[in-house]
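Heads up, the thing below is written out as structure tokens.
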Amino acid sequence: MTTLTMVAGMMPTALAMTEGAETRVSMAWVIIGGLLSSTVFTLIIIPIIFLYFHNNPISKWLKPEAVMTWFARKREKTV
Numbered sequence: 001m002t003t004l005t006m007v008a009g010m011m012p013t014a015l016a017m018t019e020g021a022e023t024r025v026s027m028a029w030v031i032i033g034g035l036l037s038s039t040v041f042t043l044i045i046i047p048i049i050f051l052y053f054h055n056n057p058i059s060k061w062l063k064p065e066a067v068m069t070w071f072a073r074k075r076e077k078t079v
């Protein structure tokens, strides 16, 4: 909702045809593109990557128990 509100609020600036609006128009399109791409990345791409690694056999190596076991085996006696 925040992204939609911001994009809707930037549309008049992005579509402005007044004199001297060249820099504001380009900046508005950059802001709109950044908001939309980051929203898509956050809501679609990141969950897909999470599901891939969560269901992948490599996920057993990322569990805290496996990491602690690995460090416990690698620790040398220092005394």
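Start counting the sequence shown at 1; every next residue gets the next number (our numbering). All residues carry an ideal CB built from backbone N, CA and C; glycine is no exception.
query                                                                                                     : result
Three CB pairs or more closer than 8 angstroms across the segment 9-29 and the segment 48-57              : no
I46, buried or exposed, once every other Cβ within 10 Å from all chains shown has been counted against 16 : exposed
Cβ-based burial, I32 [other Cβ within 10 Å; buried from 16]                                               : buried
F50 versus M1: straight-line alpha-carbon distance, rounded                                               : 24 angstroms
G20 - DSSP class collapsed to helix/strand/coil                                                           : coil
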